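Only one structure is covered here, and it is reproduced in the block below.
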Amino acid sequence: MGLKTDKVVPGREDRVQACMAHGGCASGIGGQDKICLKNNERGFSQAGLCQLLPTLGMLLTLPETAVIVHGAIGCGSTGFAMNTSIKLHHLLRGNPNAKDSLWFTTNLDESDVVHGGEKRLEETILAVHEKYRPASIIVLQSCTPSIIGDDLVGVIEKLRPQIDTPLLYSHCEGFKTKVWATGYDVAFHAMFNGFIERDKEGPPPRKAPRKPGERPQVNIINLASMGKPDELELERILNAIGIDVVIGPNFADREKIRSMTQADLNVSVCPTHDDYLIEYLHEEYGIPYVLKDMPIGLENTRNWVLDIARHFGLEDKALAFIETEEAKARQAVQRFLPQLKGVRVFLSAGEFRALVTGGLFQELGMEIVGLRSYHHDDFGTDFYRKLVQAQDGKDFPIDIANFQPFELVNLLKKVEPDLFCGHVFDNAWAARLGYPCITIFRIFDHYLGYRGFYEVAKKAARNLKNHNFNKKLSQNVRDAYKKEWYAKSPFAYIKSDSVEPPVEPATRAA
Amino acid sequence: MSSHIERPRYQCALGGALVTINSIDRAVAIVHAAPGCAASADGAATVGGGYWGTTETDGRATPSTNIVEREVIFGGEERLAEQIAATLEVVDADLYAVITGCMTDIIGDDVRSVVSEFQRQGKPVIVAETGGFKGDSTVGADFIWEAIFSQFVAKGLPKDARRVNLFGFVPAQDVFWRGNLLELKRLLGLLGIEANTFLTPQDRLKELKEASRASLNIVFSDVHGVKPAKLFEELHGTPFVTEPLPIGPTATEAFLRRIASLLKVDEETAEFAIAQEKAYYYSFINPMTDLVNDQDFQRFGIVIGNANYSYAVTRFISEDLGWLPYLAAVTDLLHDDQQQAVIERLETLPADYRPKVIFETDTDRITARLQEILEQEEDPYGNPIHPAFVIGSNLDRPLAAGIKAGFWGVSYPITNRIVTDQFYVGFRGGLRLATELISVLVANR
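Same order as they appear, the protein sequences are chains P and G. Note that full-length UniProt numbering numbers the first sequence so that position 348 is 348, with each residue one more than the last. Note that full-length UniProt numbering numbers the second sequence so that position 107 is 107, with each residue one more than the last.
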């Protein structure tokens, strides 16, 4: 099992026993039976994402590429919303005239559901090729063609000899996995399968060992939740200690993606995001990797940089650089510290990002009082413990939830944080309760490295100073849930195979 | 026969049903579908509808069964029953609408029987099968309206001679549906008519429950909402008329006169209201006269939009703004008889102002068709429609740039401005549209 051999990328519940539904305390995570945890479900659930959405979002970033969503009309309908965001990415990359992304739906209707959609897919691929001659054509298989038995790979392999454009495919049917983060794996699979394994030139050869004195080159695997300012910060840090950087594969073309096989080291910015890809490059190209920290906050950035430096014997240089940068950053946040001291923060995002951002807030003298992770897997386990330790053992409730705002709102009313820091589309729930909010990422801002440390502190102080928009809003919106709901545990609808008793977070007043 | 579509301008049937429910007071959807269906279905609308956004019970708070492989193999009825019961416990609403996605429709879950069990217990739960492959959002909106009329609206209420229901709007597909409905309600109010609008934040669910009290249904579309209006008539005995969306003084005056006559509003009231509103329009238009004439702000108009907007905007720019409609591109996926209805409506325009009409949904194919049409023009300077102006959606900006035309977006999707209560209908909506179009022409000064 792996990127090289997979036709269909396995769901993360199978590959890494990811869990989507769990409520408890930060100190307890890691102690549960992983199989029980991954089987947890909800008797009441709210809309999630499916793996097609992150897959589509990532693959649309490839320049001059045409993405065909094979399915009914709705599965491609969010394309233009993603296009809007991708255009902003391009703008930040100094490319204001970037063309709109190109995406299509095969628009399967009732008759196609009966008769099959392979012919439509074939026609669409040929028409798109003929008209646009894109740099690559990528097909995303959604639920409907999958269940009616369309043979996606068969169609692709049939057309491959007929057209000179690289053909990429991804099986990303929503019903196949509970864990939409599987979509990251699916997108990586499409890129590396299409541009390397099945490329007309075949896979590039392994790189010869680095010559003495040659500057090391590392790949930084980028995320949709990483804007240009963050990329520049990481590049600046690594350049300063003598390392060259290639950033991809999002926004990269075929040549750049192929060049990623020639690096001396793969560097993940988020282990949850990248393990599938990094494993492939390790096995096939022997490229070692760094996959355990996210450079958010001073300590995490320090660990991340030192891990990379160690591969090239650059620790001394790195340490000197880190000392200077940390001193500057600590000095810069001095003026915000009195305002931030003791502020109780609630975090909500993808597990890893939420956890390491918690570390950043603790470095600013704040306390973590609750955390919601979109899913849980082993990459985060140690970081929960670290957060509890860093605040002298003060535990806090956690909610493993693919969104599920009903649980979040219930938990927030019990925890009553001073500040909420959430992923886009998470903040509104806290905002309507009147809490000051800051987003955990925006592609326009700095979050990573030393500059990120300063900017997050500044942003927190700014929002704490005036959150009248949310305060007034909270007095003027209705509650979505019945009052009986708030009398229950936020985790009341989680059905568990585990024998562990459900945890009731104490209300703040209690 | 259908074909592939470039950059689709709609959601699926599920999406149209979902955004309709999301617009109704104290109504909540229960989406019985794979994870991601609800997010796709309303994710596009809530951005493309001028950043419509989400409220407490929609977006990521939409109750959804999130069925996966196990249910696809063994059936999802049990999971649906569990989800409905739990939603009734947790979510504070007065109408719960079960709508379905492709997977559940294909595997054949008997959702009606699951829901009927709750209906038998007196719970306000309705159901519509809205699998995405059944059509686009306008089709899905029709499905959910039919479900509402047959499963929710009270039967046997006495009719109120001065009460009407307004239909034909699909939220986000008409980016301005809220403002438009509120302005239509205000205008009809001037005639002493109480109009139920249902889809604005100002509406209350009780009005929908008692919608059968209306003595007339006005469907502001020749194609969308017509099927449910027929069902409404069968079930509740209220007849319907179809009206084009009235934009600007000429269309609105005609609209108000027709409705006044149908509902027997006294002539004096109607004439007074029309005169007042028209005076309002011209009191702001009048001072623009120098600018419009001196700067030769007449344009060849290319209107790209759905069946409702393509006609309404074309009529306004020709009859009130004095432009020359050149092309109307209708972007809905329509059956032949629906296309015929749209053509007939456009043919009511005076011959000189009648644009060429095409039915194409892709910007790209519209561009190609426009080029073909232009190539047939005999113009030695190769510039037959200069100066031109494109009124379409954000997707049509490259088309406008390609022919060096002015551009303004009024159709879905709109992602470069925020739309809240703005509207284009009526006298004042026409004033807004005139203001915006001419603002584009002075924007670089």
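Positions of the beta carbon are idealized from the N, C-alpha and C atoms, including for glycine. Since this is a predicted model, take the numbers as computed values, not measurements.
Considering only residues of the same chain and omitting the five flanking positions on each side of residue i, which have a CB-CB separation below 8 Å?
i        : result
GLY192/G : ARG162, VAL265, THR269
ASP109/G : HIS32, GLY75, GLY76, GLU77, LEU80, THR100
Cα-Cα, which of the options is closest to residue i?
i             : options                                : result
PRO166/P      : ALA187/P, THR177/P, ILE138/P           : ILE138/P
GLN475/P      : ASP497/P, ALA431/P, PRO490/P, ILE438/P : ALA431/P
VAL419/G      : TRP52/G, SER3/G, ASP110/G              : TRP52/G
LYS356/G      : ASP337/G, VAL330/G, ASP379/G           : VAL330/G
GLY179/G      : GLU194/G, LEU334/G, PHE198/G           : PHE198/G
GLY36/G       : HIS376/P, ALA181/P, ASP395/P, ASP392/P : ALA181/P
ALA17/G       : GLU71/G, SER137/G, GLY75/G, THR62/G    : SER137/G
ALA44/G       : GLY108/G, ILE247/G, ARG7/G             : ARG7/G
GLU122/P      : LEU281/P, ASN107/P, GLN404/P           : ASN107/P
LEU223/P      : ASP274/P, GLN217/P, ARG15/P            : ASP274/P
residue 448/G : ARG315/G, ALA93/G, GLN121/G, HIS224/G  : With chain G running from 1 to 445 in the structure shown, residue 448/G is simply not present.
ILE398/P      : ASP392/P, ALA390/P, GLU407/P           : GLU407/P
CYS102/G      : ASN66/G, GLY48/G, GLU375/G             : ASN66/G
THR55/P       : GLY43/P, MET82/P, ALA72/P              : MET82/P
GLY297/P      : ARG258/P, LYS414/P, ALA252/P, PHE352/P : PHE352/P
Using a Cβ-Cβ distance under 9 Å, would residue i count as near chain G?
i             : result
ARG15/P       : no
THR381/P      : no
LYS178/P      : yes
PHE321/P      : no
ILE220/P      : no
ILE73/P       : yes
GLN51/P       : yes
ARG12/P       : no
TYR184/P      : no
ARG432/P      : yes
residue 532/P : No statement about residue 532/P is possible, as the shown extent of chain P runs from 1 to 510 and does not include it.
ALA510/P      : Since pLDDT at ALA510/P reaches only 41, below the 50 mark, its modelled position is unreliable, and the value read off the structure follows with that caveat. Closer than 9 Å: no.
PHE469/P      : no
With residue i as the anchor, note down where its beta strand (DSSP E) starts and where it stops.
i             : result
SER268/P      : 265-268
residue 517/P : Residue 517/P lies beyond the stretch modelled for chain P, which goes from 1 to 510, so this question has no answer here.
GLY237/G      : Run containing GLY237/G: none; DSSP gives neither H nor E here.
TYR96/G       : 95-100
VAL388/P      : Careful: VAL388/P lies outside any beta strand (DSSP E), inside the alpha helix (DSSP H) at 381-390.
GLY316/G      : Checking the sequence, you will find Phe at residue 316/G rather than Gly. No beta strand (DSSP E) contains PHE316/G, which is instead part of the alpha helix (DSSP H) from 307-319.
LEU324/G      : 324-330
GLN141/P      : 136-141
ILE356/G      : What sits at residue 356/G in the sequence shown is Lys, not Ile. Unbroken beta strand (DSSP E) run through LYS356/G: 356-359.
ASN95/P       : Note, ASN95/P: premise wrong, no beta strand (DSSP E); not H, not E.
PRO397/P      : 397-401
Along the chain, where does the alpha helix (DSSP H) that runs through residue i open and close?
i             : result
GLN262/P      : Run containing GLN262/P: none; DSSP gives neither H nor E here.
GLY426/G      : 426-442
residue 519/P : Here chain P comprises residues numbered 1 to 510, so residue 519/P is not present and cannot be evaluated.
ASN239/P      : 228-240
TYR169/P      : Segment 167-171 is the beta strand (DSSP E) holding TYR169/P; no alpha helix (DSSP H) there.
ALA18/P       : From DSSP, ALA18/P is part of no alpha helix (DSSP H); its letter is neither H nor E.
In chain order, what residues of the same chain lie with their CB nearer than 6 Å to the CB of residue i, ignoring the 5 residues before and after it?
i        : result
VAL440/G : GLY406, TRP408
ALA510/P : For ALA510/P, the pLDDT reaches just 41, beneath the cut-off of 50, and the residue's location in the model is therefore unreliable, leaving the point undetermined.
Does any residue of chain P bring its CB to less than 9 Å from the CB of residue i?
i        : result
ILE107/G : yes
THR87/G  : yes
PHE133/G : yes
TYR309/G : no
ILE67/G  : yes
GLU372/G : no
VAL91/G  : yes
THR269/G : no
GLU146/G : no
Quick one: what's got a C-beta closer than 7 Å to residue i's C-beta in the same chain, skipping five residues either side?
i        : result
TYR132/P : ALA66, LEU102
LYS230/G : none
VAL179/P : GLY11, ARG12, GLU13, ALA18, MET20, HIS375
GLU210/G : ALA154, LEU157
Quiz prompt | Residues of the segment 139-150 of chain P with Cβ closer than 9 Å to any Cβ of chain G, in chain order | solution = For the segment 139-150 of chain P, which is checked against every Cβ of chain G, the residues closer than 9 Å are SER142, CYS143, THR144, ILE147, ILE148.
Quiz item: What are the residues of the segment 87-118 of chain P that lie near chain G, defined by any Cβ-Cβ distance shorter than 9 Å?
Solution: Look at the segment 87-118 of chain P: the residues with a C-beta under 9 Å from a C-beta of chain G are LYS99, ASP100, SER101, LEU102, TRP103, PHE104, THR105, THR106, ASN107, LEU108, ASP109, GLU110, SER111, ASP112, VAL113.
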